[in-house]
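Chains as they are written, first to last, in the numbering used here: chain A, 1 to 464; chain B, 1001 to 1182; chain C, 2001 to 2403. The next block holds one structure in the form of structure tokens; read it before the comments.
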Amino acid sequence: MQQGPEEKTILQDVPWPDEPPVMAPGQSFGSVTDTIADAVLQRPIGLGWLLGLFIGMTLIGLLMMAVTYLFLVGVGIWGIEIPVAWGFAIINFVWWIGIGHAGTLISAILLLLKQTWRNSINRFAEAMTLFAVACAGMFPLLHMGRPWLAYWMFPYPSSMGVWPQFRSPLVWDVFAVSTYATISAVFWYVGLVPDLATMREKATHPAGKKLYGLLAMGWRGSARHWKNYEALYILLAGIATPLVLSVHTVVSFDFAVAIMPGWHTTIFPPYFVAGAIYSGFAMVLVLAIPIRHFYHLEGMITMRHLQNSAKIMLATGLIVAYGYAFEAFIAFYSGSTYERFMMQNRWFGQYSMFYWMLILFNILIPQVLWFPKIRANVRWLFSISLVILVGMWLERFVIIVTSLSRDYLPSSWGHYTPTRWDYAVLAGTIGFFATAMFIFIRIMPSISIFEMRALLPEAEVKAK
Amino acid sequence: MSHAQLSPAIYGLLAEFDTPTDLVDAAKAAHAAGYRKFDAYSPFPIEEASEAVGFHKSRVPLIVLVGGILGGASGYGLQYWINCISYPLNIGGKPYQSWPAFIVPTFELTILFAGLCGVFGMFALNGLPMPHHPLFNVDRFSLVTRDKFFLCVEAADPKFDMDGTQRFMESLRPTSISEVPH
Amino acid sequence: MSNETANLRQADYAVPAQAAQWQKRSLIVGVVGVVVCIVGTVISLDQFLRGYLIAYMFWLGLSLGCLGLLMVQYLSGGFWGLSIRRVLEASSKCLPLMFVLFLPILFGRHHLYEWMNDPSLTEHNRWYLHTGGWGGWFARWIIYFVIWIALATVLNKRGDMQDSPLPGGIQPRFQGLSGLGLVLYSLSLSFAAVDWVMSLDPHWGSTIYGLIFLAGQGLSALAFCVIMLTLLTRYSPYREIIKPTQFHDLGKLMLAFVMLFAYFSFSQWLIIWAGNLPEEISWYLNRIRGGWGVVALIIILFHFALPFALLLSRERKRAGSRLIGLAVFLMFMRVVDIYWYVVPNFAHERGHFYLSIWYVLVPLAVGGVWLAYFFYNFRQRPLLPLYEPQIPNFLQQGSGHGH
């Protein structure tokens, strides 16, 4: 985003002399426009893209099959069984929604902090948010048993005279997640409108021209329009920032409000939020590294973006580690037998393998990001991001399954084994996510064109 | 006013510029020359341009604020009415009016209303959607979404007259001037 | 650029002479305060020590908050840290003073910490609180200060290097050190908060406790920076250099910390309120019943709601003269919050509101001493690290609009 002349300098990051630039030199308004728009409009459909889409679609087919069978038979086809009534579905829900958070963080918080390097990654990061929230949203619905009655969660004047009860965090979740999905969608769309106008003018196929034209709403770049637009954009960023924090906070309340050992702990809200951003940035890197490689966008998504993302991952990963440490410390400090047992069970119990894998994936391996050489190496970044994505999934597994399988009463202990249908749904949502991303980068400019123009030196108005 | 009726055939005159600086200078000059119904067009937001055309304060923040207050009030009101009046339930011995719990949905609805009011408000204030506009009749205007900058003085401006305005616009040294037909 | 650097003369960026006056006034407050405190130990040792713990946690929090912010601004980069860097450095140099000032707590520990007298209270967490009698507690005090003073010393040393041209143009690196430093600071401070405040009630534990203290310290530090920057901007050279944007950024950060603190506090409250477990909720009940509820309400209204509403205004954030009052008020509210954390732990004050004159006098007395030492540190060096590579750009953006 353009800032006023006086606003340009202060919180904004100032690169060190030896740091890579936000944008490679030699770009102009026209070349920026063409590079980004032509990746959609001119570039022929490649074999690699088709293959990726095919794999994604295949996994969607698997998802359809799994969901159909689920609707016919019920949630019994999954591994959940009392006492472990929350299994893969809730793990995947928390995992996906956490991944979504980096998109909002990049588009809103970094905008407020005037970190202009965000301009070339915010668009696809926001798209990532939308698709991840869509994946996340499926799980609570599927998990309900009777998903066709999902609307019961909303407050509406029902003929039964019944209303939701607002002391339940699960009802808060309905509000938090649906608000988040709505605001993310409009934020993304508002950010797209000026670029859709560019696409309208550049598209050659009449159908494409019509479609982009309709979506662009007749945007014509008027100074008055820009003024209102900018005012709205910065305000949306301002409200999306507390919103994104609140969403994962509410997700953490789903656990922390219950008195289950291992769930009921006050650090959950900030530590869930940090974990969400952690996995979200890992997903950003997993997407950005191939996109910049295959679409030759190295001049716009530079090493600076990757390095900054790596630094944010390191910082949020350390907050997560702080959370693990204080959970364990207070479990032993507070004197509750159940809390102590919970920790010992995580360390040495039947699922201890997952706990130690989690520590390895989430805490130990990512520490290599302290080294600038690793942060400058694309392959390393890509692999570490994948490791973190797995680690964050394991974190939710450990929280949900170890606590539920060993609660207060030994007589009600149990264990949890996921079935093939659990895996099918998880793989299916990954396919859905991938397919949506593949389609997105073919039909929408995956980098914000107008914000990149504003980053160019010639965008500056020179005083007389 | 009579001038506008004299030239109903066109929407205005459109000058094209290469740099944002030229556009802002031209807009300042047009404002100084007494024109009021004119606008600057650019491929990205230019803070100085909206100042130069005389548009200083957006009403979007007010709309967002009002939306937020409405959302928060109706959010809390809804929960209060449901859980305290219409369908009181004792859950875990908590009071009917459980404000710590109600804060969460109240917050979410505040954000939801503020955001939606802001988005619809912005489009409404800008008069969008408007898929067709006289400016689109000028072929070169399509470059406003790419790399060119435009200034349009509208025929509806009381000071507008075909020759005088044309001469004024030439003094701004644009790369081209074109008439915008209706 | 290099020409401009050469033109910078340290004399032009000296701390204004008025700072000597401020130092003198602080010292008078401090000396009078110390005398009053000595009287206090005779009149009512218990109440004095409680007041002292409040004062200590506040002024230690300010020193540490400044140390933390110093590392944050090295990591984040940007100009916002440049104008306040010397304030942050001078505050962090007060940590050796805070080490010495711990002695009254050390000697008065049996009056403050119930578990020191009655080991049966800590059967469940003897492994932590009672490691080696009170030796573990004592050793941790030493370890915390070794970490904090070491960090402050190294960062200040490297900061000093930028007061003169560097041989070979090699700049000291701050980023790695600051990253590691923040990790050490967060961990050590969290455990210190457990040792010195949370253990006043050895039966209660909360995992977010350390983060609440971290956010509170950040808020104190930012408020203090706003106050110092406003005072300094009244005199040359800051009068010419500091522009509204500087205050705007600090104002935004202050708003962020007001919200962060409220977020942590609300999270702790909501989770404990909803769980309603007897061993947890009693901590809040002691702080709501018997008049304490009014203090809690004051904290909600004046530690969060009012500053939040005021800081939303762009105009207010851009004017130091309008921000300074709020900053002073926020520092006062920090003391109120610490008071609300500390005092309801003691047997007679659990659920019975109590305010002693010492809770007011001792923080003022310690403040006088702290500020005198702060100004002493602050006056030792120029206002800006003149050979920091970003300084020419910084001065340019400051003076650029004057033409």
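Think of the CB as a built atom: it goes at the ideal place given N, C-alpha and C, for glycine as much as any other residue.
- Message: Considering only their Cβ atoms, is the gap separating Leu-130 of chain A from Ala-282 of chain A smaller than 7 Å?
- Response: For the purposes of this step, residue 282 of chain A is taken as residue 282 along the first sequence, with counting starting at 1. For the purposes of this step, residue 130 of chain A is taken as residue 130 along the first sequence, with counting starting at 1. No, the pair does not count as a contact, with Cβ atoms beyond the cut-off.
- Query: Just how far apart, CA to CA, sit Leu-2101 of chain C and Tyr-2056 of chain C?
  - Reply: To locate residue 2101 of chain C, count along the third sequence from 1; it is residue 101. To locate residue 2056 of chain C, count along the third sequence from 1; it is residue 56. For Leu-2101 of chain C and Tyr-2056 of chain C, the distance between alpha carbons rounds to 8 Å.
- Partner residues on chain B for Trp-2059 of chain C, Cβ-Cβ distance less than 8 Å: As a working note, residue 2059 of chain C is residue 59 in the third sequence. The contacting residues do not exist; Trp-2059 of chain C stays about 32 Å from chain B at best.
- Among A:Tyr-333, A:Pro-269, A:Tyr-355 and A:Arg-453, nearest to Trp-2127 of chain C - alpha-carbon criterion: Numbered from its first residue, the third sequence carries residue 2127 of chain C at position 127. Of the listed residues, the one whose Cα sits closest to Trp-2127 of chain C is A:Tyr-333.
- Item | Secondary structure of Asp-1039 of chain B, DSSP reduced to three states | As a position in the second sequence, residue 1039 of chain B is number 39, starting the count at 1. Strand at Asp-1039 of chain B.
- Query: What is the DSSP secondary structure of Gly-335 of chain A, counted as helix, strand or coil?
  - Reply: For the purposes of this step, residue 335 of chain A is taken as the residue at position 335 of the first sequence. Correct three-state label for Gly-335 of chain A: coil.
- Message: Please identify the residue among C:Gly-2033, C:Met-2116 and C:Gly-2078 whose C-alpha is closest to the C-alpha of His-2130 of chain C.
- Response: Within the third sequence, residue 2130 of chain C is the residue found at index 130, counting from 1. Cα-wise, what sits closest to His-2130 of chain C is C:Met-2116.
- Query: Once you ignore the five residues that flank Gln-2 of chain A on each side, which residues in its own chain have a CB closer than 6 Å to its CB?
  - Reply: As a first step, residue 2 of chain A must be located in the first sequence, where it is residue number 2. Summary for Gln-2 of chain A: the model assigns pLDDT 36, below 50, so the residue's position carries little reliability; its value from the coordinates is reported in the next sentence. So the qualifying residues of the chain are Ala-454.
- Item | Contacting residues, own chain, Cβ-Cβ under 7 Å from Phe-2191 of chain C (five flanking each side not counted) | Counting from 1 along the third sequence, the entry for residue 2191 of chain C is found at position 191. Contacts found: Arg-2140.
- Item | Nearest candidate by alpha-carbon position, reference Ser-184 of chain A, set A:Thr-198, A:Phe-166 and A:Thr-241 | To locate residue 184 of chain A, count along the first sequence from 1; it is residue 184. The shortest C-alpha separation from Ser-184 of chain A is found at A:Thr-241.
- So Leu-1014 of chain B is in the beta strand (DSSP E); what residue range does that whole segment cover? Taking the first residue of the second sequence as 1, we reach residue 1014 of chain B at position 14. 1010 to 1017 is the extent of the beta strand (DSSP E) around Leu-1014 of chain B.
- So, are the CB atoms of Ser-309 of chain A and Leu-287 of chain A less than 7 Å apart? To locate residue 309 of chain A, count along the first sequence from 1; it is residue 309. To locate residue 287 of chain A, count along the first sequence from 1; it is residue 287. Their beta carbons are not under 7 Å apart, which means Ser-309 of chain A does not touch Leu-287 of chain A by this criterion.
- Consider the C-beta atom of Ile-36 of chain A and the heavy atoms of the ligand NAD; say whether any pair is separated by less than 6 Å. Of the ligands one can find in the structure shown there are none, so the ligand NAD has no counterpart to examine.
- Going by DSSP, name the residue or residues bridged to Cys-1152 of chain B. Looking up residue 1152 of chain B in the second sequence gives position 152. In DSSP, Cys-1152 of chain B forms a bridge with B:Leu-1014 and B:Asp-1039.
- Would you please state the rounded distance, in angstroms, between the beta carbons of Ala-136 of chain A and Gly-100 of chain A? I believe it to be under 8 Å. Position 136 of the first sequence holds residue 136 of chain A. Position 100 of the first sequence holds residue 100 of chain A. Indeed, because the Cβ distance is near 7 Å, the residues count as touching under 8 Å.
- Could you check what DSSP says for Val-84 of chain A in three-state terms: helix, strand or coil? Residue 84 of chain A sits at position 84 when you count from the first residue of the first sequence. It is a strand residue.
- Task: Give the range of the beta strand (DSSP E) segment to which Pro-1181 of chain B is assigned.
- Result: Indexing the second sequence from 1 puts residue 1181 of chain B at position 181. It spans 1176 to 1181 - the beta strand (DSSP E) in which Pro-1181 of chain B sits, taken as one unbroken run.
- Query: For the 8 Å Cβ check, are there 3 or more pairs between the segment 2140 to 2158 of chain C and the segment 2089 to 2099 of chain C?
  - Reply: yes
- What residues in the segment 1085 to 1109 of chain B have a beta carbon less than 9 Å from any beta carbon of chain C? Gly-1092, Gly-1093, Lys-1094, Ser-1098, Pro-1100, Ala-1101, Ile-1103 and Val-1104
- If we ignore side chains and look at the alpha-carbon of each, how far apart do Gly-2176 of chain C and Ser-2076 of chain C end up? Residue 2176 of chain C sits at position 176 when you count from the first residue of the third sequence. Residue 2076 of chain C sits at position 76 when you count from the first residue of the third sequence. Answer to the nearest angstrom: the Cα atoms are 12 Å apart.
- Task: For Asn-2377 of chain C, count neighbouring Cβ atoms within 10 angstroms of its own Cβ and tell me buried if that reaches 16, exposed if not.
- Result: Numbered from its first residue, the third sequence carries residue 2377 of chain C at position 377. Its Cβ being crowded by 16 or more others within 10 Å, Asn-2377 of chain C is buried.
- Grab me the residues of Val-2036 of chain C's own chain with a C-beta within less than 8 Å of its C-beta, minus the 5 sequence neighbours each way, in chain order. Taking the third sequence and counting its residues from 1, one reaches residue 2036 of chain C at position 36. Here the set comprises Leu-2361 and Ala-2365.
- Message: Using 8 Å as the cut-off, can you tell me whether the segment 1121 to 1128 of chain B makes contact with the segment 247 to 254 of chain A, which would need three or more C-beta pairs spanning the two stretches below that distance?
- Response: no
- Item | Thr-266 of chain A to Ala-331 of chain A span [Cα, whole Å] | The sequence position of residue 266 of chain A within the first sequence is 266, counting from 1. The sequence position of residue 331 of chain A within the first sequence is 331, counting from 1. When rounded, the distance between both Cα atoms is 12 Å.
- Message: Whether or not the segment 360 to 368 of chain A and the segment 299 to 319 of chain A are in contact is what I'm after, with contact meaning three or more pairs of Cβ atoms, one per stretch, closer than 8 Å; do they touch?
- Response: yes
- Message: Distance cutoff 7 Å, beta carbons only. Does Phe-166 of chain A sit that close to anything in chain B?
- Response: For the purposes of this step, residue 166 of chain A is taken as the residue at position 166 of the first sequence. Yes, contact with chain B.
- Message: Restricting to Cα atoms, I'd like to know which of C:Ser-2164, C:Trp-2273, C:Cys-2225 and C:Val-2336 is closest to Ile-2391 of chain C.
- Response: Your numbering for residue 2391 of chain C matches position 391 in the third sequence. That would be C:Ser-2164, whose Cα lies nearest to the Cα of Ile-2391 of chain C.
- Is there a Cβ from chain B that is less than 7 Å from the Cβ of Ala-197 of chain A? To locate residue 197 of chain A, count along the first sequence from 1; it is residue 197. Judged by the 7 Å Cβ criterion, Ala-197 of chain A is in contact with chain B.
- Message: On the CB-based measure, 16 or more other CB atoms within 10 Å of its CB, does Ile-82 of chain A come out buried or exposed?
- Response: Walking along the first sequence from the start, residue 82 of chain A turns up at place 82. Answer is exposed; the Cβ neighbour count stays below 16.
- Message: For Gly-2402 of chain C and Gly-56 of chain A, what's the separation of their Cα atoms in angstroms?
- Response: Locating residue 2402 of chain C in the third sequence gives position 402, counting from the first residue. Locating residue 56 of chain A in the first sequence gives position 56, counting from the first residue. Note that Gly-2402 of chain C scores 33 on pLDDT, short of 50, meaning its location in the model is unreliable; the coordinates nonetheless yield the value given after this. So the two alpha carbons sit approximately 59 Å from each other.
- Compare the C-beta of Asn-119 of chain A with all C-beta atoms of chain B and state if any pair is closer than 7 Å. Taking the first sequence and counting its residues from 1, the one referred to as residue 119 of chain A is at position 119. Closer than 7 Å: no.
- Taking C-beta pairs closer than 7 Å, name the residues in chain B that Trp-2115 of chain C reaches, listed in chain order. Mapped onto the third sequence, residue 2115 of chain C falls at position 115. Simply none; closest approach about 31 Å.
- Query: Given that Val-1180 of chain B touches chain A, what residues does it touch there, using C-beta distances under 8 Å?
  - Reply: By one-based count along the second sequence, residue 1180 of chain B stands at place 180. Near Val-1180 of chain B there are no residues of chain A at all, since even the closest Cβ is about 12 Å away, more than 8 Å.
- Message: Given a cut-off of 7 Å on the beta-carbon distance, is the pair Gly-2216 of chain C and Arg-2334 of chain C in contact?
- Response: Position 216 of the third sequence, counting from 1, holds the residue named residue 2216 of chain C. Position 334 of the third sequence, counting from 1, holds the residue named residue 2334 of chain C. Yes.
- List, in order along the chain, the chain A residues whose C-beta lies closer than 8 Å to that of Ile-2272 of chain C? Counted from its first residue, the third sequence places residue 2272 of chain C at position 272. Going along chain A in sequence order, the residues near Ile-2272 of chain C (Cβ under 8 Å) are Thr-266.
- Message: Which residues in chain B have a C-beta closer than 7 Å to the C-beta of Trp-2127 of chain C? List them in chain order.
- Response: The residue you call residue 2127 of chain C lines up with position 127 of the third sequence. Residues of chain B passing the Cβ test: none, with the nearest at roughly 34 Å.
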